[in-house]
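So the sequence shown is numbered by my numbering: it starts at 23 and just counts up by one.
C-beta atoms are modelled at their ideal positions from N, C-alpha and C, and glycine is treated no differently.
All values derive from a computational prediction rather than experimental measurement.
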Amino acid sequence: MRWRTPVLLLSTLAVSAAAGCDDVSDSLRNERPGSGDEDPALAALREALTAGPAMTRNLSNREYLNVVSDLIGERLPLDLQKAWTATTQFSGFDAVPWTNLDTKAVRDLSETLEAVLDRAVVSPKVMTCSVDEAARLPYDACAKSIVEPFALRAYGRPLAPAEAEALAKRYAEGVALAQSALTEPNAVFLDGLRAALGAVLLAPQLVTRIEAPPTPDFTGERELDAYELASRLSFMFTASIPDDELWRRAVDGTLVSQPDALVAEVERLIDTRTDVFVQSFMGQWFDFRAYDSTAPGTLEHAMWNESWRVMADVLKEDLPVTAIVQPGFTYLNQELATHYNVVGEFSRELTRVAIDERGGVLQQGSWLSLSASSLKTSPIHRGRLVQDRLLCKVIPPPDSALFEQIQKVSESIPANASVKERLESHRNAGPACAGCHEYMDPLGLGLEGFDMRGRLRDAYADTGRPVETASTLLGKPFSRFGELNTMIAELPDYHRCAAEKLTVYSTRRVVHAASKADADLLAYLTYSADGRPPSLRAMIRRLVTSKAFRSVSHGGAG
Numbered sequence: 023m024r025w026r027t028p029v030l031l032l033s034t035l036a037v038s039a040a041a042g043c044d045d046v047s048d049s050l051r052n053e054r055p056g057s058g059d060e061d062p063a064l065a066a067l068r069e070a071l072t073a074g075p076a077m078t079r080n081l082s083n084r085e086y087l088n089v090v091s092d093l094i095g096e097r098l099p100l101d102l103q104k105a106w107t108a109t110t111q112f113s114g115f116d117a118v119p120w121t122n123l124d125t126k127a128v129r130d131l132s133e134t135l136e137a138v139l140d141r142a143v144v145s146p147k148v149m150t151c152s153v154d155e156a157a158r159l160p161y162d163a164c165a166k167s168i169v170e171p172f173a174l175r176a177y178g179r180p181l182a183p184a185e186a187e188a189l190a191k192r193y194a195e196g197v198a199l200a201q202s203a204l205t206e207p208n209a210v211f212l213d214g215l216r217a218a219l220g221a222v223l224l225a226p227q228l229v230t231r232i233e234a235p236p237t238p239d240f241t242g243e244r245e246l247d248a249y250e251l252a253s254r255l256s257f258m259f260t261a262s263i264p265d266d267e268l269w270r271r272a273v274d275g276t277l278v279s280q281p282d283a284l285v286a287e288v289e290r291l292i293d294t295r296t297d298v299f300v301q302s303f304m305g306q307w308f309d310f311r312a313y314d315s316t317a318p319g320t321l322e323h324a325m326w327n328e329s330w331r332v333m334a335d336v337l338k339e340d341l342p343v344t345a346i347v348q349p350g351f352t353y354l355n356q357e358l359a360t361h362y363n364v365v366g367e368f369s370r371e372l373t374r375v376a377i378d379e380r381g382g383v384l385q386q387g388s389w390l391s392l393s394a395s396s397l398k399t400s401p402i403h404r405g406r407l408v409q410d411r412l413l414c415k416v417i418p419p420p421d422s423a424l425f426e427q428i429q430k431v432s433e434s435i436p437a438n439a440s441v442k443e444r445l446e447s448h449r450n451a452g453p454a455c456a457g458c459h460e461y462m463d464p465l466g467l468g469l470e471g472f473d474m475r476g477r478l479r480d481a482y483a484d485t486g487r488p489v490e491t492a493s494t495l496l497g498k499p500f501s502r503f504g505e506l507n508t509m510i511a512e513l514p515d516y517h518r519c520a521a522e523k524l525t526v527y528s529t530r531r532v533v534h535a536a537s538k539a540d541a542d543l544l545a546y547l548t549y550s551a552d553g554r555p556p557s558l559r560a561m562i563r564r565l566v567t568s569k570a571f572r573s574v575s576h577g578g579a580g
């Protein structure tokens, strides 16, 4: 086993920090800013928008793995992150606020670094030259042509002179240390390369994404430069760094200088990276990402495939945002159809099937299984989850006094009370309880017709008592889930929530619907001239081409 140069983590971090941290649909075409066909009301809403806050955040675990995979040209397994500190969540999404280079996160990455470097130094994408004699060991002879392009794509912008110098120094230090124990030129070269590439992979410039002001004393609003905009787009659509085409648009500046270039890139990314976007954005929004690493051939894996494929078609086919809950189709194979008790002959492969009873996110096995325990369903939990994910109505945890009141109510409910009677007891316990249960109870009751694994049921398996799904939502009665599902699809709160979730995911910031700026943005994203809600695709295009996405505010007067 040959001797290997240590990566010198503390030195790496210190050096890195010192160096300086095809055709669009008619509906979309008619919305193009400046187009003669643009709806005047929509244009007025767009003109009222303001710049959003500048982004400063750390990469999530999955984003880091995606970035490194793209840098070395090899898809790294998700298992590499299992021992890492879990990425924090906000409203269902990975949320990694800047924590001044968290030491535990650095330790996590450093423990994985050697395995990544083992792959990097044999990657054809990385290793564009080699060293077979000592004369080629100097940095400029070969190493520079590997290290600097690697860092350029990792940082997502041109290198500052100090950054380039720091990487050359790390390579030289690695070579000098290797030469104390090795004589073969290529072995020495590889150890020097590992030191420099390791510095890039642990650099704050990679791990932390910062939209910094152009000067330390700058305040006000500014447009993102081409590299910053490319980074926003790529992490939104691919949870990783820009691909070659988007990078080319950043390098030549057309991403910001030519509006049509930005529109073309949005359309290209939607059409070519649909699966990745849906699995990341909607997989987090509706939780089905939890099944993405399940073994092929299992029921859970089929549920995951059903979920993302339905949502991908909703996006690609430019369907209204209501199709997220009422698409009118789903993907089934024989195993999943049998599980759902859908009559018919199906193949082993998932096939698109026209059906109203399945397909919508609240009708999918992934959502229904993940929103229940393995033993029972909870209408309160499911109702609360629907409020958060589809209506953006977050219920805060009860304070100690309210919690004590809830406990007393629970203890007073007769043991033989039905599920519906138990909910009514909680709702009638006081004004504070009634406010929360107004949405939560009917939403949860409507979903009681699905068991812990997403199968339809009319009675509870443990007691034999009939399932009660009838209730009233906002004064409108319903008896079965299908009626409730239609009510949800028609709620303006749901349309606004879809726009809010998209904004939170794409810009990695909290949306305050009560603020004028964010209320204006949500009104713009959900605007419809013909009475039909816009499609998710239209919302994406509106957001990305708006000032709220393309410009940032650094505080102070604009």
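Q) For S528 versus R487, is the C-beta distance shorter than 8 Å? A) Residue mapping note: residue 528 aligns to position 506 of the sequence shown, counting from 1. Residue mapping note: residue 487 aligns to position 465 of the sequence shown, counting from 1. The Cβ-Cβ distance between S528 and R487 does not fall below 8 Å.
Q.
So, for W307: in the same chain, excluding its five sequence neighbours on each side, which residues have a beta-carbon less than 8 Å away from its beta-carbon?
A. Translated into positions along the sequence shown, residue 307 becomes position 285. So the qualifying residues of the chain are G114, F115, R411, K523 and Y527.
Q) P207: which of F172, A186 and A156 sits nearest, CA to CA? A) Here residue 207 refers to the residue found at position 185 when the sequence shown is read from its first residue. Nearest of F172, A186 and A156 to P207, Cα basis: A156.
Q. Hey, which unbroken runs of the beta strand (DSSP E) at 3 residues or more fall wholly within the segment 497 to 549?
A. If we require 3 residues or more, the beta strand (DSSP E) runs fully inside the segment 497 to 549 come out as 498 to 500.
Q) Under three-state DSSP, which class holds I417? A) Numbered from 1 along the sequence shown, position 395 holds the residue referred to as residue 417. Coil, per DSSP.
(Q) Based on DSSP bridge pairs, tell me the residues matched to P75. (A) As a working mapping, residue 75 is identified with position 53 in the sequence shown. Answer is S575, bridged to P75.
(Q) Restricting to runs no shorter than 4 residues, where is the alpha helix (DSSP H) found entirely within the segment 350 to 424? (A) The qualifying runs are 356 to 362, 387 to 392 and 401 to 413.
Q) How big is the Cα-Cα spacing for Y161 and F303? A) Numbered from its first residue, the sequence shown carries residue 161 at position 139. Numbered from its first residue, the sequence shown carries residue 303 at position 281. Their backbone Cα atoms lie some 41 Å apart in a straight line.
Q.
Here's the rule: buried if 16 or more other CB atoms are within 10 angstroms of the residue's CB, otherwise exposed. What is M23?
A. Your numbering for residue 23 matches position 1 in the sequence shown. A caution first: M23 carries a pLDDT of 33, below 50, which makes its placement in the model too unreliable to give a value.
Q) Would you report the Cα separation of L9 and E233, rounded to the nearest angstrom? A) Here the chain comprises residues numbered 23 to 580, so residue 9 is not present and cannot be evaluated.
**Q.** Helix, strand or coil at F257 according to DSSP, with G and I counted as helix
**A.** Within the sequence shown, numbered from 1, the residue matching residue 257 stands at position 235. If DSSP states are grouped into helix, strand and coil, F257 belongs with the helices.
Q: Return the first residue and the last residue of the alpha helix (DSSP H) that S279 is part of.
A: By one-based count along the sequence shown, residue 279 stands at place 257. Counting along the chain, the alpha helix (DSSP H) containing S279 begins and ends at T276 to S279.
Q) Expressed to the nearest angstrom, what Euclidean distance is found between the alpha-carbon atoms of V489 and P556? A) Residue 489 sits at position 467 when you count from the first residue of the sequence shown. Residue 556 sits at position 534 when you count from the first residue of the sequence shown. Cα to Cα, the separation comes out at about 36 Å.
Q) Alpha carbon to alpha carbon, how far is A165 from L543? A) For the purposes of this step, residue 165 is taken as the residue at position 143 of the sequence shown. For the purposes of this step, residue 543 is taken as the residue at position 521 of the sequence shown. Approximately 48 Å, taken between the alpha carbons.
Q: Indicate the three-state DSSP secondary structure (helix, strand or coil) for A163 in the structure shown.
A: Along the sequence shown, read from residue 1 onward, the residue named residue 163 stands at position 141. Helix at A163.
Q. Taking Cβ to Cβ, would you say V285 is nearer than 8 Å to A248?
A. One-based indexing of the sequence shown puts residue 285 at position 263. One-based indexing of the sequence shown puts residue 248 at position 226. Contact flag unset, no.
Q) Mind checking whether L71 and A536 have CB atoms under 8 Å apart? A) One-based indexing of the sequence shown puts residue 71 at position 49. One-based indexing of the sequence shown puts residue 536 at position 514. Taking 8 Å as the Cβ cut-off, L71 and A536 do not qualify as a contacting pair.
Q) Do you know how far the Cα of A545 is from the Cα of R518? A) Against the sequence shown, residue 518 aligns to sequence position 496. Against the sequence shown, residue 545 aligns to sequence position 523. Their Cα atoms are separated by approximately 8 Å.
**Q.** Helix, strand or coil at P226 according to DSSP, with G and I counted as helix
**A.** Numbered from its first residue, the sequence shown carries residue 226 at position 204. Assigned with DSSP and collapsed to three states, P226 falls in helix.
Q) At what residue ranges does the segment 168 to 244 contain a whole run of the beta strand (DSSP E), taking only runs of 3 or more? A) Complete beta strand (DSSP E) runs here, min 3: 230 to 232.
Q | Integer Cβ distance of G471 from T494, believed to fall under 8 Å | A | Within the sequence shown, numbered from 1, the residue matching residue 471 stands at position 449. Within the sequence shown, numbered from 1, the residue matching residue 494 stands at position 472. A Cβ-Cβ separation of about 16 Å leaves G471 out of contact with T494 under the 8 Å criterion.
Q. Start and end of the beta strand (DSSP E) containing S493?
A. As a first step, residue 493 is located in the sequence shown; it is residue number 471 there, counting from the start. That run of the beta strand (DSSP E) goes S493 to L495.
**Q.** Span separating the alpha-carbon of E357 from that of I377
**A.** Indexing the sequence shown from 1 puts residue 357 at position 335. Indexing the sequence shown from 1 puts residue 377 at position 355. E357 and I377 have their C-alpha atoms roughly 17 Å apart.
Q.
Does P419 pass the burial test, meaning 16 or more other C-beta atoms within 10 Å, or should it be called exposed?
A. Counting from one through the sequence shown, the residue named residue 419 turns up at place 397. Exposed, because fewer than 16 other Cβ atoms sit within 10 Å of the Cβ of P419.
Q | P436, DSSP secondary structure in three states | A | Indexing the sequence shown from 1 puts residue 436 at position 414. DSSP, reduced to helix, strand and coil, places P436 outside both helices and strands of the structure shown, so it counts as coil.
Q.
Between L255 and S132, how many whole angstroms is the CB-CB distance? I'm expecting something under 8 Å.
A. Here residue 255 corresponds to residue number 233 of the sequence shown, with the count starting at 1. Here residue 132 corresponds to residue number 110 of the sequence shown, with the count starting at 1. Contact flag wrong, Cβ pair sits at about 30 Å.
Q: Within its chain, find whatever has a CB closer than 6 Å to the CB of I94; leave out the 5 residues flanking it on each side and keep chain order.
A: Position 72 of the sequence shown, counted from the start, is the residue given in the question as residue 94. Excluding positions up to five away in sequence, the list reads R141, A142, S145 and V148.
Q: Output the distance between the C-alpha atoms of Q111 and Y516, rounded to the nearest integer angstrom.
A: For the purposes of this step, residue 111 is taken as the residue at position 89 of the sequence shown. For the purposes of this step, residue 516 is taken as the residue at position 494 of the sequence shown. Between the alpha carbons of Q111 and Y516 lies a distance of about 21 Å.
Q: Count the CB pairs spanning the segment 470 to 485 and the segment 420 to 436 that are closer than 8 Å, and state whether there are at least three.
A: Fewer than three beta-carbon pairs drawn from the segment 470 to 485 and the segment 420 to 436 are found closer than 8 Å, and the two stretches are therefore not classed as touching.
Q: Tell me, please, whether the segment 327 to 335 touches the segment 362 to 370 by the rule of three or more beta-carbon pairs shorter than 8 Å.
A: The segment 327 to 335, when compared against the segment 362 to 370, does not touch it at the 8 Å Cβ threshold.
Q) Among the residues of its own chain, which have a CB less than 7 Å from the CB of T352, if the five just before and after it don't count? A) As a position in the sequence shown, residue 352 is number 330, starting the count at 1. Taking T352 as the centre and dropping the five residues before and after it, the same chain places the C-beta of E328, V332, V375, I377, R380 and G381 closer than 7 Å to its C-beta, in chain order.
Q: Kindly indicate the opening and closing residues of the alpha helix (DSSP H) around V332.
A: Within the sequence shown, residue 332 is the residue found at index 310, counting from 1. Looking at the DSSP string, the run of the alpha helix (DSSP H) that includes V332 is L321 to K338.
**Q.** Beta-carbon separation (whole angstroms), Y461 vs K415, contact threshold 8 Å
**A.** Along the sequence shown, one-based indexing puts residue 461 at 439. Along the sequence shown, one-based indexing puts residue 415 at 393. Between K415 and Y461 the Cβ distance is about 6 Å, and since that is below 8 Å, they are a contact.
Q.
Measuring straight from C-alpha to C-alpha, what distance separates L212 and L228?
A. Working through the sequence shown from its first residue, we reach residue 212 at position 190. Working through the sequence shown from its first residue, we reach residue 228 at position 206. Their backbone Cα atoms lie some 22 Å apart in a straight line.
**Q.** N52 to V197 span [Cα, whole Å]
**A.** As a working mapping, residue 52 is identified with position 30 in the sequence shown. As a working mapping, residue 197 is identified with position 175 in the sequence shown. Model confidence at N52 stands at a pLDDT of 46, short of 50, so the residue's coordinates are unreliable; what they give is reported in the following sentence. When rounded, the distance between both Cα atoms is 59 Å.
Q. Are the beta-carbon atoms belonging to V288 and I562 less than 8 Å from one another?
A. What you label residue 288 is simply residue 266 of the sequence shown in a count that begins at 1. What you label residue 562 is simply residue 540 of the sequence shown in a count that begins at 1. Remark: C-beta atoms of V288 and I562 approach each other more closely than 8 Å.
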